[in-house]
Amino acid sequence: MAITPDIYQLKISLNHIKPAIWRSFQVRSDVKLSKLHEIIQIVMGWENYHLYSFHAGGSTYTDRASVEDDMYGMGYRDGLKVKLSEVLSDVGDSIIYRYDFGDDWEHTLKLEKIFAPLPGEKYPVCIDGARACPPEDCGGIPGYEDLLRVLADPNDEEYEEMRSWVGPHFSPEKFDPEIVNIGLPRRVVGGAGGDAARTGAKKKARAHPEPSAEPRTYITNMMHFLNEDGLVPMGQPDEFYAMLNYFGDIVKAASSHPTDARFCSTVVCRGESGRRRCGSYLTIAHQPGNTIHWQCSECGDQGFISSWLGTIYDLNEAVERDPTQRVSVVITPDEHRLLKQAITTSQKEDTIISGAVSTPDGVILSGGLDGFDLLLGSIAFNANHAKTAKCQKTMDKVYEKIASVVEG
Ligand SMILES: [Zn+2]
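For the sequence shown, the numbering used here assigns the number 7 to the initial residue and increments by one for each residue that follows.
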């Protein structure tokens, strides 16, 4: 029988900044350093697109793929092969974690506590912390302090530029461990509540005629999907484009919303429920640090999307933010589906269509008056060029609904 590993309670702090940016979290002591790096990225709120290293006892640990082979002669060791317990074993001791060798974010990782896993508790788990993670590529500690100074003063001449760079949802003092925990790959460690229960669940699932897939958590960096010009790369497998469109639709929906409030979108879940596609609507919300969280209440799939700001899917700039200029129109889900297929003209129209909210009473379109004016023009054009009588009839109906609100 496998020996149940200890749990380490770690405190990670970003060095050289006050007030402290820190997190307290618990992980298996036998976690590999390369995996610990991924956990730290989620716990801190980084976006995992730069190199990293751990420094302990005179050695440097990183991913083999990220450094030249000959650097291993210079004290580099493969983080994929080393367990945390091999470099950190006494309470009170600490090691250094570095992320992004350009901005050079240096963190101290201190071992606070060692204990046996609690029955039924899932690890890793974040238990506390303070302040948001700095945005990627802001120029290290000096760059971030500069950014905070500008953001604190709306009269500063750089304010508009910086606010638009960090996005409307960035809030430096916000931190919520519960949000972090949604993103962590959490599992029960050892004991009767753990492996045994999981095996039991698997057996049961196999006997069941329609086994449900385990809910999945997707961590998506939009930049990783796009080429260096920010465009959709060519020659990829179909599944690549399917996923890109899916995440693109989620970004469009999220960026079309003028507030941070969680809402039920019209984006259809691609998860699996039984043997079929789930097909429920996703709920979407913005989170501190320009991360979008999406979740399906039906199958449990969820994900976090980062680095979407300024991509081709970001509709932020076309959103009408003045509440007195915004109007809403209710249409049916079928009418909305048709609009989504037919209207591909301007960003202003897209914020209205992509940002639509699903409710039991229908689909609510919201946006600025000028966006709705454009939309009316497009709908009239599409009705005149509709391929079928049914399609034309639906377009006419939507036109009437919008016109009666916008013009009436
Ligand atoms: Zn689903």
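From the three backbone atoms N, C-alpha and C, an ideal C-beta is built for every residue, glycine too.
Keep in mind the model is a prediction, meaning the values are calculated, not measured.
For this session: Look at L16 and V33 and say whether their C-beta atoms are less than 8 Å apart.
Result: Yes; because the gap between Cβ atoms is below 8 Å, this pair is in contact.
Problem set entry | Reference H61, options G85, G51, Y129, Q47, closest by Cα | For the residues G85, G51, Y129, Q47, the minimum Cα distance to H61 belongs to G85.
Exercise. Just how far apart, CA to CA, sit D143 and P178?
Worked result: D143 and P178 have their C-alpha atoms roughly 15 Å apart.
For this session: Would you check if the distance between the CB atom of D12 and the CB atom of S35 is smaller than 8 Å?
Result: Yes, Cβ-Cβ distance for D12 and S35 is below 8 Å.
Exercise. Skipping 5 residues on each side, what residues in its chain have a beta carbon closer than 7 Å to that of E341?
Worked result: Hits under 7 Å: T400, K403, V404.
Problem set entry | Cβ distance (whole Å) where K116 is taken to contact K38 below 8 Å | Their Cβ separation, rounded to whole angstroms, is 19 Å, which puts K116 and K38 out of contact at 8 Å.
For this session: Can you grab the Cα-Cα spacing for the pair G199 / G126, in whole Å?
Result: Confidence at G199 is low in this model, with a pLDDT of 40, below 50, so its placement is unreliable and no value can be given for it.
Exercise. Closer than 7 Å: is that where the CB of C302 sits relative to any heavy atom of ligand 1?
Worked result: The answer is yes for C302.
Exercise. To which residues does DSSP link W111 through a beta bridge?
Worked result: Per DSSP, the beta-bridge partners of W111 are Y105.
For this session: Measure the C-alpha to C-alpha separation of T317 and L250 and round it to an integer number of angstroms.
Result: Those two C-alpha atoms are separated by around 12 Å.
For this session: Go ahead and pull the three-state DSSP assignment for W171.
Result: The answer is helix: DSSP assigns W171 an H, G or I state.
Problem set entry | Other residues of its chain near H292: CB distance less than 7 Å, five sequence neighbours each side excluded | Hits under 7 Å: H175, A260, D266, I298.
Problem set entry | Neighbourhood of R212 by C-beta, 8 Å cutoff - its chain only, sequence neighbours within 5 removed | With a pLDDT of 38 at R212, under the threshold of 50, the modelled position of this residue cannot be trusted, and the question is left open.
Problem set entry | Nearest residue (CA-CA) to D422, options H56, P140, P123, F121 | Lying before the first or after the last residue shown, residue 422 is absent from the chain, which here runs from 7 to 414.
Problem set entry | Own chain, CB closer than 6 Å to V412, minus 5 neighbours either side, in chain order | Taken in chain order, the residues that qualify are F378.
Exercise. Helix, strand or coil: which one does DSSP assign to I9?
Worked result: In the structure shown, I9 sits in coil (DSSP, three-state: anything other than H, G, I, E or B).
Exercise. Using the C-alpha atoms, what's the distance from M240 back to L375?
Worked result: Approximately 37 Å between the Cα atoms of the pair.
For this session: Go through its chain and collect everything with a Cβ distance to K346's Cβ below 6 Å, but skip five positions before and after it.
Result: Excluding sequence neighbours, K346 sits near I359.
Problem set entry | 6 Å Cβ shell around V172 - same chain, five flanking residues per side excluded | For V172, where only same-chain residues beyond five positions count, the Cβ hits under 6 Å are P141.
Exercise. Can you list, in chain order, the residues of its chain whose CB lies under 8 Å from that of V363, leaving out five sequence neighbours each side?
Worked result: Result list for V363: F269, C270, S271, T272, V369, I370, S372, in chain order.
Problem set entry | Start-end ranges of the alpha helix (DSSP H) lying completely within the stretch 326-382, minimum 4 residues | Those alpha helix (DSSP H) runs which fall completely within the stretch 326-382 and span 4+ residues are 339-348, 353-360.
Problem set entry | Same chain, Cβ closer than 7 Å to M168, neighbours up to 5 away in sequence not counted | So the list reads L153, V156, L157, once near-sequence residues are dropped.
Exercise. Which residues mark the beginning and the end of the beta strand (DSSP E) in which V131 is found?
Worked result: Segment 131-136, the beta strand (DSSP E) holding V131.
Exercise. Within 7 Å: the Cβ of C132 and any heavy atom of ligand 1?
Worked result: Taking 7 Å as the cut-off, one finds no heavy atom of ligand 1 near enough to the beta carbon of C132.
For this session: Output yes or no for whether 8 Å exceeds the beta carbon distance between D356 and L321.
Result: Pairing D356 with L321 gives a Cβ-Cβ distance under 8 Å.
Problem set entry | DSSP-derived helix/strand/coil call for N54 | Shown here, N54 sits in coil according to DSSP, grouped into three states, outside any helix or strand.
Problem set entry | Nearest to P221 (by Cα), restricted to the options H230, E163, I188 | Nearest C-alpha to P221: I188.
Exercise. Would the beta-carbon of P243 fall within 8 Å of that of R137?
Worked result: Not a contact, by the Cβ cut-off of 8 Å.
For this session: Would you tell me roughly how many angstroms separate the C-alpha atoms of R204 and C132, rounded to the nearest one?
Result: For R204, the pLDDT reaches just 41, beneath the cut-off of 50, and the residue's location in the model is therefore unreliable, although a value from the coordinates is still provided. R204 and C132 have their C-alpha atoms some 23 Å from each other.
Problem set entry | Nearest-angstrom Cα separation, counted from D328 out to W111 | Approximately 38 Å, taken between the alpha carbons.
For this session: Examine ligand 1 and report whether any of its heavy atoms sits within less than 7 Å of the Cβ of S364.
Result: Because no heavy atom of ligand 1 lies under 7 Å away, the Cβ of S364 does not count as near it: no.
Exercise. Are the CB atoms of M228 and F253 nearer to each other than 8 Å?
Worked result: Cβ distance < 8 Å, so M228 and F253 count as in contact.
Exercise. Which residue's Cα is closest to the Cα of P191: E44, I27, N390?
Worked result: Answer by Cα proximity: E44.
For this session: Verify whether the separation of the beta carbon atoms of G4 and W28 is less than 8 Å.
Result: Because the chain here runs from 7 to 414, residue 4 falls outside it and cannot be looked at.
Exercise. Out of curiosity, what's the CA-to-CA distance linking T10 and I337?
Worked result: Separation of T10 and I337 (C-alpha to C-alpha, rounded to the nearest whole angstrom) is 55 Å.
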